[in-house]
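Worksheet for the structure shown next.
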Amino acid sequence: MKLLKKMKNKEEFTKEQQEDLLKVLKARFEKNMQRHKDMVWAAVENRLKDISSAKEFKALHQMEMTGGEPDVVAQDRETGKYIFFDCTGESPKGRRSLCYDREAQETRKEYKPKDNVVDLAAAMGFELLTEEDYRYLQQLGEFDTKTSSWVHTPAAIRSLGGALFCDRRYGHVFTYHNGAQSYYAARGFRGKLKV
Numbered sequence: 012m013k014l015l016k017k018m019k020n021k022e023e024f025t026k027e028q029q030e031d032l033l034k035v036l037k038a039r040f041e042k043n044m045q046r047h048k049d050m051v052w053a054a055v056e057n058r059l060k061d062i063s064s065a066k067e068f069k070a071l072h073q074m075e076m077t078g079g080e081p082d083v084v085a086q087d088r089e090t091g092k093y094i095f096f097d098c099t100g101e102s103p104k105g106r107r108s109l110c111y112d113r114e115a116q117e118t119r120k121e122y123k124p125k126d127n128v129v130d131l132a133a134a135m136g137f138e139l140l141t142e143e144d145y146r147y148l149q150q151l152g153e154f155d156t157k158t159s160s161w162v163h164t165p166a167a168i169r170s171l172g173g174a175l176f177c178d179r180r181y182g183h184v185f186t187y188h189n190g191a192q193s194y195y196a197a198r199g200f201r202g203k204l205k206v
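In C-alpha cells:
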C-alpha cells in the first residue's frame with residue numbers, strides 16, 4: 012500500500028489519494044472491530060465517497076498524516092454521521108510539543124512552540140476531544156500509557172490560565188491541569204470528526 016502523499020491546504024484530492032486513504036481506513040476498521048461492533052465498512056465507505064471532495068475528507072487525511080490513525084468509534088443517532096477519533100496508541104507524533112492555544116503561545120517569553128493545539132485542530136478541520144470523548148475512547152482500548160493528550164478546556168478553567176490533559180496510567184484514566192502555555196515532547200492532542 013502506498014504511503015499517503017502530503018497535500019497543501021487548498022489542494023484537491025486526486026482519485027489515487029482518495030483510494031489510498033480509503034484502503035488505510037478500511038484496513039484499520041476491519042482490524043479493530045471492537046471499536047464499532049454494530050457497523051459495516053460498506054456503509055462507512057459509501058458515506059466517505061459521498062464527501063470525498065469535501066473538507067471532512069481533507070480533515071481525515073490530516074488526521075492520518077500527523078499520526079492520529081483515525082477510526083470510526085460511533086454513529087450519531089440524530090444525523091447518521093460517523094464519528095472518527097484519533098485511535099493511535101500514543102498521542103499523535105505529528106501533533107506534540109504544542110501549548111494549548113494562541114494566547115498561551117503568545118504569552119511565553121522564550122522557547123515558544125511552533126504552534127498551538129486549538130489553532131492547529133481548527134486549521135486541520137477537526138475538533139479537539141473533550142474529557143468525555145477521551146474517557147469514551149479509553150473504553151475502546153488502552154491509549155496514552157506513555158504519553159498524554161490535551162483535551163478541550165472549559166472557558167472557566169482557561170480564563171484562569173489553566174488547560175486540561177488526560178492519560179492512562181496504572182490501569183486508570185486521569186484528567187489533570189497544567190498552565191496552558193506549557194508544552195512537552197510527550198504531550199499532543201487527539202481529534203474528533205463527524206462525517
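The sequence shown maps to residues 12 to 206 in the numbering used here.
For every residue, glycine included, the Cβ atom is placed at its ideal position computed from N, Cα and C.
- Here phenylalanine 40 carries a helix assignment [DSSP, helix/strand/coil].
- Between histidine 188 and alanine 174, the alpha-carbon positions lie close to 6 Å from each other.
- Taken in chain order, the complete beta strand (DSSP E) segments of 3 residues or longer contained in the segment 128-200 are 159-162, 173-180, 183-190 and 198-200.
- Contact between alanine 196 and arginine 107 holds, since their C-beta atoms are separated by about 6 Å, short of 8 Å.
- Per DSSP, the beta bridge partners of leucine 204 are Phe95.
- Runs of alpha helix (DSSP H) with 4 or more residues, each lying fully within the segment 50-105, are found at 52-61 and 66-76, listed in chain order.
- Three or more Cβ pairs drawn from the segment 27-45 and the segment 64-75 lie within less than 8 Å of each other, which places the two stretches in contact.
- Leucine 139 and phenylalanine 200 do touch by the CB rule: their CB atoms are close to 6 Å apart, below 8 Å.
- Leucine 148 and histidine 163 have their C-alpha atoms spaced approximately 14 Å apart.
- By the Cβ rule, the segment 77-94 counts as touching the segment 49-60, because three or more pairs are nearer than 8 Å.
- According to the DSSP assignment, threonine 25 belongs to no alpha helix (DSSP H), since it is labelled neither H nor E.
- Close CB contacts of glutamate 153 within its chain, under the 7 Å cut and outside five residues either way in sequence, are with Arg179 (chain order).
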